[in-house]
Amino acid sequence: MTVHVAGAGLAGLAAALTAARAGHQVVVHEAAGLAGGRCRSFFDPTLGRVIDNGTHVVLGANRAALGFLGAMGGGEAMVPAASRDLPFVDLASGATWSVDVAGRGISTLMKAAPGATALAGLAVAGITGLMAPGLTVAAAYGHLGALYERLIVPLSTAVINCPPSAAPASLLARVIAKLGRGGRGALRPFVAGTNLAEAFVGPALGAIEALGGEVRFHDPLAAIETAGQVARAAIFRSGRAPLGPGDALVLALPPWALAGLLPRGEKGPPSHRARAIVCTHFAVEGVPGMRQAARLTGCINGTAQWFAVTDGVLSVTVSAADRWMTHGADDIAARLWRDASTAFHLPGAPLPPYRVIKERRATASVPGGFGPRGEIAKLFYAGGWTSARYPDTIEAAVSSGIRAARCLGSAN
Ligand SMILES: Cc1cc2nc3c(=O)[nH]c(=O)nc-3n(C[C@H](O)[C@H](O)[C@H](O)COP(=O)(O)OP(=O)(O)OC[C@H]3O[C@@H](n4cnc5c(N)ncnc54)[C@H](O)[C@@H]3O)c2cc1C
């Protein structure tokens with residue numbers, strides 16, 4: 020039985036590795052020249068080093084993502100960005116505070132500011148469906164004052180990648196409830212110690228190939244042939260792959276890449292819309308004030324939202340960044356460097372070499388509630404967007420890939 024996996028993002032890699040471990044012959048077909056998809060690393064000549072397309076944070080509660088790493092022996096490659104206190108700064112007032120990320124998820128949130136007990140009630144309302152479907156994070160949580168400004172807004176914007184005025188409160192409530200169930204350290208953030216290729220992508224490719232799997236780059240899926248309600252072949256750039264008895268095709272593609280590929284009779288994703296993230300990397304090796312910077316710092320009331328420091332590079336993330344797509348790289352870099360200078364007390368520090376990465380399609384705009392099986396036999400779906408309950412994240416991508424691979428062989 021051959022399992023063809025279209026897409027070598029984290030969902031496709033998780034599906035391929037799980038299938039290979041279960042004894043299937045696996046071939047991964049990736050359109051690009053490298054694996055990782057929206058979670059990738061590449062060499063940047065301006066900075067003279069390998070950088071990520073954006074800082075990726077995994078939380079302690081993300082058991083699928085961390086378990087996937089651990090099972091590949093790559094667990095050490097994601098490092099805690101804060102062992103206990105995660106620092107925050109208000110760029111407007113200069114106020115600083117920290118969130119204890121070592122405690123139990125929900126108790127940490129409740130201790131973060133007065134009046135926070137309402138949060139637990141809102142989380143319960145969200146997961147039990149009592150929250151009105153159109154209710155936004157701003158409408159549901161805005162009355163929580165400092166807790167809203169200092170924790171809910173940064174958490175919601177980062178995890179849902181959407182401004183609180185538009186983000187569904189029920190989605191955030193499910194995330195908060197999961198953090199609450201996650202026990203001690205559920206909120207602890209982990210980031211790549213060096214880069215995402217070393218943390219996730221390289222170990223996954225190595226493990227797939229060690230199990231006899233094959234990974235083909237520059238090999239996009241171009242079409243799917245069907246006979247009635249059964250997929251008969253997948254057409255890749257490298258050729259036609261017949262789908263015989265027991266064979267399967269896992270579509271580990273984002274919604275916008277599925278458009279035009281799905282055979283008639285397949286329902287398809289509920290939306291093709293995406294939201295943007297901007298990440299700007301600054302070479303700060305020679306900037307003295309940066310040496311004491313924490314590995315990860317959150318901030319409010321600026322353009323920047325998160326500062327991450329790894330190996331002489333300061334990476335500044337702006338989520339829910341659709342409005343920045345039309346701004347030039349120089350303008351974005353100048354604004355973010357001003358924010359960094361405020362946060363790290365570097366008045367007048369000259370703009371260091373930088374690289375701005377605008378990811379227009381960073382995350383799917385709504386959870387899809389799709390897959391792992393569609394209407395057409397032999398087709399399976401994976402991807403961060405396919406979760407019905409959680410936002411498009413690494414956790415959702417890895418979980419979906421594992422879930423799709425575990426369904427292979429049934430009804431096939
Ligand atoms: C800048 C940025 C920051 C982010 N930060 C975080 C974070 O902090 N924490 C977090 O959990 N998540 C974060 N995310 C989201 C996370 O990266 C995604 O949820 C996850 O990587 C999605 O993985 P995927 O495998 O579902 O999709 P993708 O990564 O999109 O993988 C799909 C793959 O399919 C390939 N492909 C497309 N068309 C075809 C075709 N026709 N044939 C074959 N292959 C094809 C693509 O090239 C790609 O490699 C961030 C995303 C970005 C862009």
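Everything in the sequence shown is counted per our numbering, starting at 20 for the first residue and increasing by one.
In this text, a Cβ means the ideal position worked out from N, Cα and C, and glycines have one as well.
Computed from a prediction, not measured in an experiment: that's the story for all the values here.
Item, Value
"Distance between A84 and P386 (C-alpha atoms, nearest Å)", "18 angstroms"
"Buried versus exposed, by CB contacts within 10 Å (16 or more), T345", "exposed"
"Within 8 angstroms, strictly: CB atoms of G402 and L272", "yes"
"Chain-order list of residues whose beta-carbon lies under 6 angstroms from that of F62 (same chain, five-residue window excluded)", "V69"
"Helix, strand or coil at P133 [DSSP, three-state]", "Its pLDDT being 49, under 50, P133 is placed unreliably by the model, and the measurement read from it follows with that caveat. It is coil, neither helix nor strand."
"Which of helix, strand or coil DSSP assigns to V178", "helix"
"Beta-carbon spacing of A211, M97 below 8 angstroms", "yes"
"Closer than 7 angstroms: T299 CB and nearest ligand 1 heavy atom", "no"
"In chain order, each beta strand (DSSP E) run of at least 3 residues that lies wholly inside the segment 192-272", "208-211, 233-235, 240-246, 249-255, 258-261 and 267-270"
"For R374: DSSP bridge partner residues", "H300"
"Cβ-heavy atom distance, N214 to ligand 1, below 7 angstroms", "no"
"Rounded C-alpha distance that separates A295 from T382", "7 angstroms"
"Spatially closest choice to F363 from G67, A50, G308 and E95, by CA coordinates", "G308"
"Residues near S184 in its chain [Cβ-Cβ closer than 7 angstroms; skip 5 each side]", "T155 and A157"
"Pairwise C-alpha distance: A25 and H237", "11 angstroms"
"Closest Cα partner of L365 within the set V303, A323 and A34", "V303"
"contact_flag[the segment 225-244, the segment 35-53] where n(CB pairs < 8 angstroms) is 3 or more", "yes"
"Assigned secondary structure, V76 (DSSP; H/G/I helix, E/B strand, else coil)", "coil"
"Endpoints, alpha helix (DSSP H) assigned at L105", "Segment D104 to D109 is the beta strand (DSSP E) holding L105; no alpha helix (DSSP H) there."
"Boundaries (first-last residue) of the alpha helix (DSSP H) holding S360", "A348 to A362"
"L398 beta carbon less than 8 angstroms from that of L277", "no"
"Spatial neighbours of V45 in its chain, beta-carbon cut-off 6 angstroms, leaving aside the 5 residues before and after", "V22, A35, A38, A39 and G232"
"Classification of K286 by the beta-carbon crowding that lies within 10 angstroms, buried from 16 upward", "exposed"
"Cut-off 7 angstroms between Cβ atoms - residues of its own chain near V306, not counting five sequence neighbours on either side", "L365, A368 and P371"
"Inter-stretch contact (C-beta, 8 angstroms, three-pair minimum) for the segment 413-428 and the segment 72-86", "yes"
"H75 beta carbon near ligand 1 (any heavy atom closer than 7 angstroms)", "yes"
"Straight-line gap, M150 to C181 (C-alpha atoms, nearest Å)", "18 angstroms"
"H43 in three-state terms, based on DSSP", "coil"
"Closer than 7 angstroms: C58 CB and nearest ligand 1 heavy atom", "yes"
"For T115, three-class secondary structure by DSSP", "strand"
"For G265, the nearest candidate out of R207, A218 and G428 (CA to CA)", "G428"
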